[in-house]
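Numbering (my numbering), first residue to last: 19 to 239.
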């Protein structure tokens with residue numbers, strides 16, 4: 019598969035490395051330009067490009083940037099991206115450490131529902147509840163005991179199926195986490211967040227989640 023990644027931080031860089039390693043053709047971009055991604059490109063085998071180039075001629079796009087930068091990314095980047103291209107959101111809202119207050123999220127809108135509205139495209143939420151180092155190092159073959167599972171939320175059954183297959187290929191058990199409207203179940207502070215559970219544990223944690231954000235992940239008054 020041809021994959022474009024927007025964002026070259028911990029998760030973006032890790033996904034570039036892992037996706038190339040399992041045979042995908044990967045382009046990666048950040049806000050500062052491809053000239054700043056030379057080391058990552060050489061190490062991972064991904065191609066450093068501009069954001070505009072990252073979304074061209076690919077079958078799947080991964081957006082992995084801070085929530086505060088999503089409005090800057092906006093809709094125009096995706097205007098000419100075909101409707102059948104799957105867009106993955108790995109994002110988390112960290113109001114105290116990084117993002118500041120985003121009123122809609124503070125008022126209860128799930129993070130990825132907000133993100134989807136900002137870019138004007140449906141998204142699949144995944145890779146947001148695992149540490150980058152664990153994503154890099156802790157994948158296991160299909161069927162292996164103790165395999166970490168990752169929740170996958172979204173509304174398009176075909177897109178979700180593609181993403182779940184990718185999760186499996188990377189060494190993790192995908193668990194259908196329901197609609198994008200239910201993706202609050204895997205937001206920061208939820209039971210499944212950074213838990214490294216197996217599939218049964220993920221399902222249990224999702225079921226036990228509360229839509230109320232924990233205090234640590236609310237903006238300060």
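Quick reminder that beta carbons are idealized off the backbone N, C-alpha and C, glycines included. The structure presented is a predicted model; accordingly, all values stated were derived computationally and were not measured.
Quick one: what's got a C-beta closer than 6 Å to residue i's C-beta in the same chain, skipping five residues either side?
i: residue 35; result: 62
i: residue 44; result: 21, 34, 37, 38, 64
i: residue 235; result: 206, 207
i: residue 105; result: 79, 139, 141
i: residue 124; result: 237
i: residue 126; result: none
Could you check whether residue j and residue i sit closer than 7 Å to each other, using their CB atoms as the reference points?
i: residue 227; j: residue 198; result: no
i: residue 178; j: residue 142; result: yes
i: residue 67; j: residue 99; result: no
i: residue 136; j: residue 88; result: yes
i: residue 47; j: residue 24; result: yes
i: residue 32; j: residue 188; result: no
i: residue 122; j: residue 132; result: yes
Which same chain residues, not among the five before or five after residue i, have their C-beta less than 8 Å away from its C-beta?
i: residue 168; result: 144, 145, 147, 148, 185, 190, 191, 192, 193, 220
i: residue 213; result: 147, 219, 220, 223
Taking DSSP's pairing of strands, which residues face residue i in a bridge?
i: residue 171; result: 143
i: residue 192; result: 168
i: residue 20; result: 43
i: residue 107; result: 81, 143
i: residue 66; result: 46
With distances taken from CA atoms, which of the options is nearest residue i?
i: residue 41; options: 54, 19, 53, 57; result: 19
i: residue 112; options: 84, 26, 229; result: 84
i: residue 211; options: 136, 161, 108; result: 108
i: residue 93; options: 156, 181, 70; result: 70
i: residue 223; options: 121, 214, 49, 209; result: 209
i: residue 76; options: 57, 59, 96, 82; result: 96
i: residue 102; options: 174, 129, 59; result: 174
i: residue 91; options: 134, 55, 231, 57; result: 134
For residue i, I'd like the list of residues in its chain whose CB is within less than 7 Å of its CB, leaving aside the five on either flank, ordered along the chain.
i: residue 165; result: 158, 190, 191, 216
i: residue 242; result: For the chain, the structure presents residues 19 to 239; residue 242 sits outside this window and is missing.
i: residue 160; result: 186
i: residue 56; result: 66
Output the distance between the C-alpha atoms of residue i and residue j, rounded to the nearest integer angstrom.
i: residue 9; j: residue 202; result: This structure leaves residue 9 out entirely; the chain is present only between 19 and 239.
i: residue 26; j: residue 155; result: 18 Å
i: residue 81; j: residue 181; result: 13 Å
i: residue 60; j: residue 151; result: 19 Å
i: residue 200; j: residue 176; result: 18 Å
i: residue 128; j: residue 225; result: 16 Å
i: residue 50; j: residue 204; result: 30 Å
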